[in-house]
Amino acid sequence: MSSALIDVSGAEKGIEALDLVGLAEDVYDIIKDIHDPEKPETLEELNVVSEEGITVEPFHNNETYLIRIQFTPTVPQCSLATLIGLCIRVKLERSLPYKHKLDIVITEGSHSTREDTMKQINDKERVAAAMENPNLKELVEQCIKDSDY
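Mapped onto the numbering used here, the consecutive letters of the sequence shown carry residue numbers 24 to 172.
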């Protein structure tokens, strides 16, 4: 994956350049099989997420990772872009075993309410409140559950 950021100042603290590429690939493997809320396909199959849209870099004095995930809704007026971002966040928060900060962004020009949607999916309080809603939580769980096919 060529898009993973390889510039690691302070690699002596344990974060190696090759680790970043592997971590970005791991992140992609975790999110690619999330199901679209409206369609039977996965985010990978719909080209909502791609390997090129994921970057990993050292963060906070090389003690953690900044993971940036860019996704592209299928249509500019996609009403479920916030739900897709929430699914990505929840799946990664549950799956990543190391300290990290997630920055989930929508591809520029791909969504009509890009800035507002990104604020919602990157705000811890809004995410926590959303996951307290039983109906929304059930939708997220359905989208992120592992499939056997």
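We put the beta carbon where it would ideally sit given N, CA and C, even for glycine. Computed from a predicted model, the values in this text were never measured in an experiment.
Q: Return yes when the Cβ of residue 58 is within less than 9 Å of the Cβ of residue 165, no when it is not.
A: Contact check for residue 165 against residue 58 passes: the beta carbons are separated by less than 9 Å.
Q.
residue 51 and residue 87 - do their beta-carbons sit closer together than 9 Å?
A. At a Cβ-Cβ threshold of 9 Å, residue 87 and residue 51 do not count as neighbours.
Q.
Suppose only complete runs of 4+ residues qualify. What are the alpha helix (DSSP H) ranges in the stretch 71-144, listed by chain order?
A. You should have 104-118, 137-144.
**Q.** Environment of residue 64 [buried if 16+ CB atoms lie within 10 Å]
**A.** Flag for residue 64 reads exposed.
Q.
With distance defined between alpha-carbon atoms, name the residue in 108, 116, 161 nearest to residue 137.
A. Closest option to residue 137, Cα to Cα, is 108.
Q | Close-in-space but distant-in-sequence residues of the same chain around residue 99 (CB under 6 Å, 5 per side omitted) | A | Excluding sequence positions up to five before and after residue 99, its CB lies within less than 6 Å of the CB of 134, 135, all in the same chain and listed in chain order.
Q) Below 9 Å between beta carbons: does that hold for residue 151 and residue 160? A) Result no, Cβ atoms of residue 151 and residue 160 do not sit closer than 9 Å.
Q.
So residue 43 and residue 80 are supposed to be a Cβ contact under 8 Å. How far apart are they, rounded?
A. Taking the Cβ atoms as the reference, residue 43 lies roughly 7 Å from residue 80, within the contact range of under 8 Å.
Q: Could you spell out where the alpha helix (DSSP H) holding residue 162 opens and where it closes?
A: Taken as a continuous stretch (DSSP letters only), the alpha helix (DSSP H) holding residue 162 covers 157-167.
(Q) With a threshold of 8 Å (Cβ to nearest heavy atom), would residue 94 be considered close to the ligand NAD? (A) In terms of ligand content, the structure shown is empty, and the ligand NAD therefore cannot be addressed.
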